[in-house]
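One structure is given here, and the rest of the page talks about it.
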Amino acid sequence: MNKFYEDVKYGLSSNPKRLYSKYFYDKIGDALFQQLMHSPDYYLSKCELEILQLQSTSIAQDINIEFDEFDLVELGAGDASKSIFLLQALLDNGSDFTYYPVDISQNVIELLEAKLPKLLPSIKIKGLNGEYIAMLEQLAKHGSRPKLILFLGSNIGNMNLDEAALFCEKVRDLMNPGDLFFIGFDLKKNPFTILTAYNDRAGLTRDFNLNLLRRINKELSGNFYLDAFYHYPNYDPISGACKSHLISAKDQEVTIGEGTDRFSIQFKQHEAVFMEISKKYSIEEIEELALNTGFKITNHFLDSKKWFADSLWRKD
Ligand SMILES: C[S@@+](CC[C@H](N)C(=O)[O-])C[C@H]1O[C@@H](n2cnc3c(N)ncnc32)[C@H](O)[C@@H]1O
Numbered sequence: 009m010n011k012f013y014e015d016v017k018y019g020l021s022s023n024p025k026r027l028y029s030k031y032f033y034d035k036i037g038d039a040l041f042q043q044l045m046h047s048p049d050y051y052l053s054k055c056e057l058e059i060l061q062l063q064s065t066s067i068a069q070d071i072n073i074e075f076d077e078f079d080l081v082e083l084g085a086g087d088a089s090k091s092i093f094l095l096q097a098l099l100d101n102g103s104d105f106t107y108y109p110v111d112i113s114q115n116v117i118e119l120l121e122a123k124l125p126k127l128l129p130s131i132k133i134k135g136l137n138g139e140y141i142a143m144l145e146q147l148a149k150h151g152s153r154p155k156l157i158l159f160l161g162s163n164i165g166n167m168n169l170d171e172a173a174l175f176c177e178k179v180r181d182l183m184n185p186g187d188l189f190f191i192g193f194d195l196k197k198n199p200f201t202i203l204t205a206y207n208d209r210a211g212l213t214r215d216f217n218l219n220l221l222r223r224i225n226k227e228l229s230g231n232f233y234l235d236a237f238y239h240y241p242n243y244d245p246i247s248g249a250c251k252s253h254l255i256s257a258k259d260q261e262v263t264i265g266e267g268t269d270r271f272s273i274q275f276k277q278h279e280a281v282f283m284e285i286s287k288k289y290s291i292e293e294i295e296e297l298a299l300n301t302g303f304k305i306t307n308h309f310l311d312s313k314k315w316f317a318d319s320l321w322r323k324d
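Residue numbering for the sequence shown follows our numbering, starting at 9 and increasing by one per position.
Here it is as structure tokens:
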């Protein structure tokens, strides 16, 4: 059976139950996320868009101080609707780079390979469909040029602090001295603002979470009844962890898989399935993370509200 099946079986057999947010992104999940990016309640994309729209020239200058021939790898690129401003600024500066968007969603990679050359005719692009570290390892084996690695959209927030540190160390081990890592962090702010982003009035975050159950039904022969689960996010302003859960509305049994791979899971009324963490950072936590994982901070780029930071790190 495939990794998706193994992870779903493992996660739903764990106590507490959990699913993994990297599986949110099938075709429907990609479209829901792109709708969410335009929702007035989901401030993250708008703040980071402002940084990239208004500050890409300065960011590109900081990058070009280090190198102007490089491989540009974007981890979890999504629709690249924000990073396109940086790509444009780098092309305008005459940088010579190949853009390698990495994404677990095949759909996203196909869309990017079709869309970007129309928007940026001089771009050299090679999409990589797979997981972050596996794709970086693949590139490290073949490429010898300096690397700029983008990890935008607060994707790092989908890890807790320990997981984020481990991840940054793994990325650092696949970089050479002088390579750059550009990471988007959602900053701690009014807790109500944060909670509303994960409990938007249009119900997009709810549908985004429930879509994973639909995906299990479709791809793994599950029989989740979506109306029997509801979405519950909460935010802890001390740890900065915003967590999404799906709650079982009643006692119920769900079966997944076929033939000898078929298994069933019991849900109690009110039982929670942990779906996703979206960790919020202070600037001090960002600086500690960089220092503890062997990076030197080159610069932080913040939006005008100081709600989001794109931080440029260098491996010494
Ligand atoms: C929250 S979206 C952000 C997209 C984009 N970075 C942005 O800022 O708009 C996360 C993206 O990362 C991809 N992704 C999530 N987990 C991944 C993983 N483990 N490996 C590769 N891609 C992943 C998803 O498919 C999705 O396109």
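The C-beta atom is built at its ideal place from N, Cα and C for all residues, glycine as well.
Taken in chain order, the unbroken stretches of beta strand (DSSP E) that lie wholly in the region 259-319 and span 3 residues or more are 260-264, 271-275, 280-287, 303-310. When DSSP states are grouped into helix, strand and coil, residue 209 belongs to the coil group. The beta strand (DSSP E) runs lying completely inside the region 107-161 and spanning 3 residues or more are 155-159, given in chain order. Per DSSP, the beta bridge partners of residue 241 are 252. One Cα belongs to residue 123, the other to residue 168, and the distance between them is close to 33 Å. In this chain, residue 19 is not harboured by any beta strand (DSSP E); it is covered by the alpha helix (DSSP H) spanning 11-21. Contact check for residue 166 and residue 285: beta-carbon distance about 6 Å, within the 8 Å limit, so the pair qualifies. Under DSSP, residue 54 takes part in no beta bridge, so it has no partner. Residue 36 and residue 219 have their C-alpha atoms spaced approximately 7 Å apart. Your pair residue 110 and residue 127 does not check out as a contact, with CB atoms roughly 19 Å apart and the cut at 8 Å.
Scanning 149, 205, 196 for the CA closest to the CA of residue 240 turns up 205. For residue 183, the number of other beta carbons within 10 angstroms of its own is at least 16, and it is reported as buried. Relative to ligand 1, the beta carbon of residue 41 is positioned inside 7 Å of a heavy atom. In the three-state scheme derived from DSSP, where H, G and I count as helix and E and B as strand, residue 220 is classed as helix. Fewer than three beta-carbon pairs drawn from the region 42-58 and the region 71-83 are found closer than 8 Å, and the two stretches are therefore not classed as touching.
DSSP places residue 37 inside the alpha helix (DSSP H), whose first and last residues are 35-45. In the structure shown, residue 165 adopts helical secondary structure according to DSSP, grouped into three states. Out of 64, 141, 71, the CA that lies nearest to the CA of residue 94 is found in 64.
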